[in-house]
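Here is the structure we will look at, set down as C-alpha cells.
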Amino acid sequence: MNTFPEGFLWGGAIAANQAEGAWNVDGKGMSVADVARFKPSISVEDYKSQWHVSLEDIAIAKETDDVVYYPKRRGIDFFHRYKEDIALFAEMGFKVLRVSIAWTRIFPNGNEAEPNQKGMDYYRDLLETLRAHNIEPLVTLSHYEMPLYLVENYDGWVSREVVGFFTKFSETVFREYKDLVTYWLSFNEIDSVFRHPFTTVGVIEEKYADKKAAEEAIYQALHHQFVASAQATKLLREIIPGAQMGAMLTKTMTYAETCDPDEVLMAQKANRDNHFYADVQIFGEYPKHVLNYFEENGFQIAWTDEDLQLLKDYTVDFLSFSYYMSMVVSKNAAQREKVGGNLMTGVKNPYLNTSEWGWQVDPVGLRISLIDLYDTYRIPLFVVENGIGSTDMLTADGTVEDDYRIAYFRDHFEQMNLAIKDGVELMGYTSWGCIDIVSASTSQMTKRYGFIYVDADDLGNGTYNRFKKKSFHWYKDVIETNGASL
Ligand code: BGP
C-alpha cells in the first residue's frame with residue numbers, strides 16, 4: 079500500500095517570472111529575470127537563439143553605462159489567466175500551490191517608500207482564489223526576481239542596504255497577506271548564487287578585478303541573503319504567529335564513481351559544499367570548513383555580531399528542496415563519458431538515463447537525498463521542485479500522451495513513499511512547472527514540465543490556450559487516493 083501520511087500536501091510549483099508574463103504591466107518594475115546581459119563576445123544572432131527572443135525584443139533593449147540588457151520572453155500569461163489555471167489545479171485536487179511574489183510588482187525599483195497598490199491587489203486576489211479552492215499557498219519571497227534597479231544602483235546583494243529593502247518587502251507582504259499564507263520560503267535555491275550570480279544576487283562578475291574578487295563578492299552577497307532570510311523569519315514570527323519559514327536548497331546528490339576512498343572523499347566534499355547553505359539556515363551558524371575556506375583565501379566577509387546572533391536565533395522551520403538529478407565524481411573524469419546537462423555537466427552514470435536536456439534521472443537518488451537530509455537536519459522536509467522537461471506533442475484531439483512523464487513521477491513517488499517508511503518526515507510535494515512555463519535556464523517554452531499543455535512556442539507565438547495532458551488525469555488519481563493508485 080503506497081498511501082502517504084494524512085494531510086500530505088500534494089500540488090505543484092511555479093515562479094512569478096516564468097509564469098506571469100506582463101513584466102511591465104500595472105507598474106511592475108524590471109527584474110533580473112526579465113533580462114539577459116549582453117556580452118560582447120556573443121553576436122545578436124547567437125543571443126536570439128540562446129534566449130529565444132524575436133527581433134522586437136531586441137529592439138527594446140535597455141542600456142546602461144557598462145551593460146546592455148535584452149529583455150527575455152517570459153511567462154504564459156498567468157498574470158491574466160490565473161483564475162482559469164487555478165481552477166484546473168483545483169480539478170486535479172491540488173492541496174498546495176507554490177508561487178512566488180515578484181518583488182518588482184510590490185516595489186518596482188525595490189526601494190520605494192510605498193508599495194505599488196496594483197501589485198498588492200494582484201497577489202491578494204491570486205491568494206484569495208487559491209483559498210477559495212482550498213489550495214494552501216506556499217509562497218517564495220525571492221525566486222530569481224530581484225529588482226534590476228538594485229543591481230544597477232547598489233551592486234545587488236553585495237550592498238548591505240539591500241537587506242533593508244528586502245526586509246521592508248517581506249514585512250509588507252507578511253502584513254498584507256497574513257490571513258492568507260502559512261507556508262513561506264525565503265530564497266529559491268539559495269545555493270545557486272555561484273551558478274547564476276546575476277539572477278540570484280545581482281552580481282556582475284566582470285566588474286570585479288578577478289575571479290577570486292568576484293567569488294568574495296558573491297559570498298558577501300550570500301551572507302546578506304542569509305541575514306535577510308533570518309530577519310524575515312523574525313518578522314514572520316511576530317506578524318503571523320504559527321506561520322512557517324522554509325529554507326530552499328537545490329539538492330545535488332553526488333556519488334563517487336568507485337569505492338576508492340579518495341573518490342568517496344571527493345563525493346563527500348561535493349555533498350558537504352551543497353549542504354553548507356542549509357547548515358547556516360538550520361544550525362544557525364557557518365560551518366567550520368567554510369570559515370577555514372574564507373581564511374585560506376583571505377576572504378574578508380563583512381558581518382556583525384548582531385548578524386551572527388540573528389542567524390542563530392531565527393533558523394527555519396522546515397527544509398524544502400528541488401530535486402532533478404544526481405551527479406557522479408571521478409578521479410578520472412577527463413577520460414570518462416560526460417553528460418551534457420544544460421545546467422550542470424558531469425560524469426555519466428551508466429546506471430541512469432538522461433532527459434532530453436541531459437539531466438540524469440535518478441528516483442532512488444531522491445530517496446537517498448531524503449534520508450540524508452532528514453538524518454542530518456531532523457526537521458520536516460518538503461520537495462518543492464521535481465519533474466522532467468520534455469518536448470511534448472499536442473495531439474489532434476487536444477491532449478499529450480505523456481506516458482514518459484507519468485513513469486517519471488511514479489518512480490519518484492514510490493521512492494518518496496519508501497523514504498517515509500524509512501522514517502523521513504515529509505510535508506508535501508510540489509512538482510515543478512505543474513503547468514508548462516518558460517524554462518529558467520534556457521528561456522525555452524518547449525522544455526515542458528506540466529500536467530497542462532500551454533499552446534505557445536519558444537518565440538512566444540501561439541494561442542496560450544491550456545490543454546490537459548494524460549498525466550493530468552493520472553496525477554488527479556494519485557492525489558485523490560493519496561498515493562494508493564500508484
Ligand atoms: C530550478 C529553478 C526553477 C526551474 C527549474 C527547472 O533551478 O528553481 O526556476 O526552472 O530549475 O529548470 P529549467 O527551467 O531550466 O528546466
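Read left to right, the sequence shown gives residues 79 to 564 (this note's numbering). The C-beta atom is built at its ideal place from N, Cα and C for all residues, glycine as well. In this text the structure is predicted, and so the values were computed from the model without any measurement.
Go to residue 272, then tell me how far its beta strand (DSSP E) extends in each direction, as first and last residue.
It is not in any beta strand (DSSP E) - residue 272 carries neither H nor E in the DSSP assignment.
Taking one C-beta from the region 352-372 and one from the region 262-281 each time, how about it: are there three or more such pairs within less than 8 Å?
With the cut-off at 8 Å, the region 352-372 and the region 262-281 touch.
Using three-state DSSP, classify residue 424 as helix, strand or coil.
Residue 424: strand per DSSP, three-state reduction.
Compute the Euclidean distance between the alpha carbons of residue 317 and residue 124, then round it to the nearest angstrom.
Answer to the nearest angstrom: the Cα atoms are 48 Å apart.
Which one of 257, 508, 476, 391 has the shortest CA to CA distance from residue 312?
For residue 312, the nearest C-alpha among the options comes from 391.
Between which two residues does the beta strand (DSSP E) harbouring residue 100 extend?
Run containing residue 100: none; DSSP gives neither H nor E here.
Please confirm whether any heavy atom of ligand 1 lies closer than 7 Å to the CB of residue 464.
Residue 464: no, Cβ never under 7 Å from ligand 1.
Are residue 219 and residue 179 close, meaning C-beta to C-beta below 8 Å?
Going by C-beta atoms, residue 219 is nearer than 8 Å to residue 179.
Near residue 549, what residues of its chain come up, given a Cβ to Cβ distance below 6 Å and the 5 sequence neighbours on each side ignored?
Within the same chain, residue 549 has close Cβ partners 480, 483, 484, 529.
Cutting at 7 Å between CB atoms, please list the residues of its own chain near residue 286, excluding the five before and the five after it.
Hits under 7 Å: 292, 295.
With a threshold of 16 other CB atoms inside 10 Å of the CB of residue 512, please say whether the residue is buried or exposed.
Residue 512 should be labelled buried.
I'd like to check one pair, residue 242 with residue 110: are the Cβ atoms closer than 8 Å?
No. Outside cutoff.
Between which two residues does the beta strand (DSSP E) harbouring residue 441 extend?
Not the beta strand (DSSP E): residue 441 falls in the alpha helix (DSSP H), residues 441-455.
Is residue 98 near ligand 1 - that is, is its Cβ less than 7 Å away from at least one heavy atom of it?
No, Cβ of residue 98 sits at least 7 Å from all heavy atoms of ligand 1.
What is the residue span of the beta strand (DSSP E) that residue 510 lies within?
Taken as a continuous stretch (DSSP letters only), the beta strand (DSSP E) holding residue 510 covers 504-510.
Check the C-beta distance from residue 96 over to residue 153 and give it rounded, since I have them as a contact under 8 Å.
Going by Cβ atoms, the distance from residue 96 to residue 153 rounds to 7 Å, so yes, they are a contact pair.
Do the region 425-432 and the region 446-457 touch if we need at least three Cβ pairs shorter than 8 Å?
At 8 Å Cβ cutoff, the stretches do not touch.
Along the chain, which unbroken stretches of the beta strand (DSSP E) at least 3 residues long are found entirely within the region 300-343?
Listed in chain order, they are 322-328, 331-334.
Could you give the residue range of the beta strand (DSSP E) that holds residue 547?
No beta strand (DSSP E) contains residue 547, which DSSP labels as neither H nor E.
Nearer than 7 Å: is that true of the beta carbon of residue 525 relative to any heavy atom of ligand 1?
Yes, ligand 1 has a heavy atom inside 7 Å of this Cβ.
Could you check whether the Cβ of residue 237 sits closer than 7 Å to any heavy atom belonging to ligand 1?
No, the beta carbon of residue 237 sits no closer than 7 Å to any heavy atom of ligand 1.
Can we say the region 322-340 touches the region 389-406, given the rule of at least three CB pairs closer than 8 Å?
With the cut-off at 8 Å, the region 322-340 and the region 389-406 touch.
Once you ignore the five residues that flank residue 108 on each side, which residues in its own chain have a CB closer than 6 Å to its CB?
Once the five neighbours on either side are set aside, the close Cβ partners of residue 108 are 226.
Over what stretch of residues does the alpha helix (DSSP H) that includes residue 491 continue unbroken?
Segment 481-499, the alpha helix (DSSP H) holding residue 491.
Is residue 328 a contact residue of ligand 1, with contact defined as CB to any heavy atom under 7 Å?
Residue 328 Cβ: within cutoff of ligand 1.
Starting from the Cα of residue 509, find the closest Cα among 486, 463, 496 and give me that residue.
Of the listed residues, the one whose Cα sits closest to residue 509 is 463.
What are the boundary residues of the beta strand (DSSP E) that includes residue 164?
Where residue 164 is concerned, there is no enclosing beta strand (DSSP E), although the alpha helix (DSSP H) it sits in stretches over 156-170.
Distance, Cα to Cα, residue 193 vs residue 103?
Rounded to whole angstroms, residue 193 to residue 103 spans 15 Å at the Cα level.
Short of 6 Å in beta carbon distance, which residues of its chain neighbour residue 260, apart from the five on each side in sequence? Order them along the chain.
Excluding positions up to five away in sequence, the list reads 321.
Measuring straight from C-alpha to C-alpha, what distance separates residue 519 and residue 420?
So the alpha carbons of these two residues sit roughly 8 Å apart.
Taking 7 Å as the cut-off, does the CB of residue 467 come closer than this to any heavy atom belonging to ligand 1?
Yes - ligand 1 has a heavy atom lying nearer than 7 Å to the Cβ of residue 467.
Any contact of the region 180-187 with the region 196-204, i.e. 3+ C-beta pairs under 8 Å?
Flag = yes, the region 180-187 and the region 196-204 touch.
If you compare alpha carbons, which of 558, 468, 503, 539 is closest to residue 547?
Looking at the Cα atoms, 468 is the closest of the given residues.
If contacts are defined as beta-carbon pairs under 8 Å, then residue 365 and residue 354 qualify, I think. What distance do you get, rounded to the angstrom?
Indeed they touch by this definition, with Cβ atoms about 6 Å apart.
Within this structure, are the beta carbons of residue 348 and residue 407 separated by less than 8 Å?
Yes. Within cutoff.
Let me know if residue 221 comes out buried or exposed under the rule of 16 or more other beta-carbons within 10 Å of its beta-carbon.
It counts as buried.
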